[in-house]
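So the structure is just underneath, and the comments pick up after that.
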Amino acid sequence: SSPPPLLRLLLAAYAAASLPLRTAASRVQASSTSQLASTAGVTRPTAITASTRGGLLGRHDRRRAVLSQAAGAALGLAASAPPASAALTKESEWPLWLALPVAPYSRRKTIRREVGPGVWAFDQLIGIYYVHVPIRMTVVKMESGGLLVYAPVAPTKECLSLLQPLIDAHGPVKTIILPSVAVEHKVNAGPFARAFPAADFYAVDQQYSFPLPLPAVFLGLPSWTKPLPRSSEGLDATWLGGEFEHAVLTVKPGPGSYFQDVALYHRPSKTLLLCDAVLSVTEEPPPILTSDPEYVRALLFHARDDPLELVADTAANRRKGWRRIVLLFNFFIPGATQADIGLKPLLALDPTFELGWGGWQPFTWRAASEEASFARYSANGRPTLLPIIQIILNRCLWPQPRMRQRIRSTAPPHLPLRAYPRHAHDTPTTRPRHATTRPRHA
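Residues in the sequence shown are numbered from 166 upward in steps of one, following my numbering.
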């Protein structure tokens, strides 16, 4: 039979949940703080060449063959400690926010939660027009000692203070991996790597800039950046402590651009780390969006039915706002809306509107269609792909089908994943049945 599509290969045994936060300590190493102060410096990254890609990284079939032997069915995640995160403070400030001037601008709150044995997620927030979603860094405790950091976020003092107890307990940050060419990920990778100069820093090898092809010096990555091999197959058995296997997916969607994602599998915890390839949503907003009154504004802003309406801060309205954020995040103009990007919404603006943006509302939501669209797309937490990623990946075979029985949990860096397939046939469809929406990009 023909091989199953990416979603069937990748998601059959994935399981993850939005779990409460663990208690965080407040101390930051003096060395980390001093390194953070130097992150404004920009140096040229190590060249990543075609010969490096061809020699070290292997062929397409190697990328497909990574993570090869099946071990068991998927399991649910363990529970963790209750939340312990304070309001936005000076510790959350990020001075380099102008490098990518999107929400939450300089006020980058971080929350930490344990998503599996020895695996922690560090969530911050990112968005435009109050379409706010998590952006996530994952930290893995290595059995050989030390920590591996995947998809670093902004290294605020708060972020580093939440990381410090893990360093104290398990050893220093040994490896940092930038698994994407997307600007929202790489803009923070350089500063984070400079906070830990003794760590090995790997980046996927097709970094580029848009709309102008800027020299590598402007990408902000440190001079010790190394190209991440396209596959762990054939590498020395001691690479990354011998605990990880990985495959890099590389797709060229059009002239002057690339899409890359890294499937990094940690054998001891049976955890698969992914970047933008997978997501899952439920009706409950992610904890980072409800962690501070300033962040809750986004949920209430999108819960409005009229431009200048001030909705009550209730659980129902938070879920309503989150439902609309998900549809706007995934689809440029959801079919559940009647869009008006002309003058009428602009004429209704009120600069004094409490929730901001002058109350600008270029959409009229159809309640029944909105709820049906969200229900179909979310499928009660079944994993899926962003529509634009579906278009890019189509039916790529990445990674190997047999890996799906070895995975206990996943840690994607955006929307939370919450699914518990128990059998090989319990897999999502290739594309969400979302006939009333259009892709965000075409």
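Note that the Cβ used here is the ideal one computed from N, Cα and C, for glycine as well.
Asked	Found
Residues of its chain near Arg484, where Cβ-Cβ distance is below 6 angstroms and the 5 sequence neighbours each way are ignored	Glu448
Residue environment, Glu535, which counts as buried when at least 16 other CB atoms sit within 10 Å	buried
Rounded straight-line distance, which links the Cα of Gly406 to that of Arg489	43 angstroms
First and last residue of the uninterrupted alpha helix (DSSP H) at Arg484	Ala480 to Asn495
Segment contact, 8 angstroms Cβ cut-off, at least three pairs: the segment 317-327 with the segment 263-277	yes
CB contact flag (Arg462, Thr502, <9 angstroms)	no
Cβ-Cβ distance between Phe293 and Val318 below 9 angstroms	Checking the displayed sequence, the identity of residue 293 turns out to be Ile instead of Phe. It is not a contact, given that the beta carbons lie outside the stated cut-off.
Unbroken beta strand (DSSP E) run spanning Tyr367, endpoints	Asp365 to Ala368
Alpha carbon of Leu400 to alpha carbon of Tyr430, nearest angstrom	15 angstroms
Reference Thr397, options Trp389, Ala412, Ser388 and Thr403, closest by Cα	Residue identity check: residue 397 is Ser in the sequence provided, not Thr. When only C-alpha atoms are compared, the closest one is Ala412.
Straight-line gap, Thr303 to Lys509 (C-alpha atoms, nearest Å)	44 angstroms
Residue burial classification, Phe375 (beta-carbon count within 10 angstroms, cutoff 16)	exposed
Three-state secondary structure assigned by DSSP to Thr455	helix
Exposed unless 16 or more other CB atoms sit within 10 angstroms - verdict on Glu618	Missing from the structure shown is residue 618; the chain here goes from 166 to 607 and no further.
Reference Leu343; option with closest CA among Val369, Asp333, Asp365 and Pro320	Val369
Alpha carbon of Leu475 to alpha carbon of Pro527, nearest angstrom	17 angstroms
Proximity below 9 angstroms, CB of His350 to CB of Gly310	no
Under the three-state DSSP convention, the category Val280 falls into	strand
Length of the line joining the Cα atoms of Gly500 and Ser388	46 angstroms
Segments of 3+ residues assigned as beta strand (DSSP E) that fall wholly inside the segment 303-374	312-315, 338-343 and 365-368
Ile557 - DSSP class collapsed to helix/strand/coil	helix
Nearest-angstrom Cβ-Cβ length linking Ser346 and Tyr270, presumed shorter than 8 angstroms	Checking the displayed sequence, the identity of residue 346 turns out to be Val instead of Ser. 23 angstroms between Cβ atoms; not a contact.
Leu437 (DSSP reduced to helix, strand or coil)	strand
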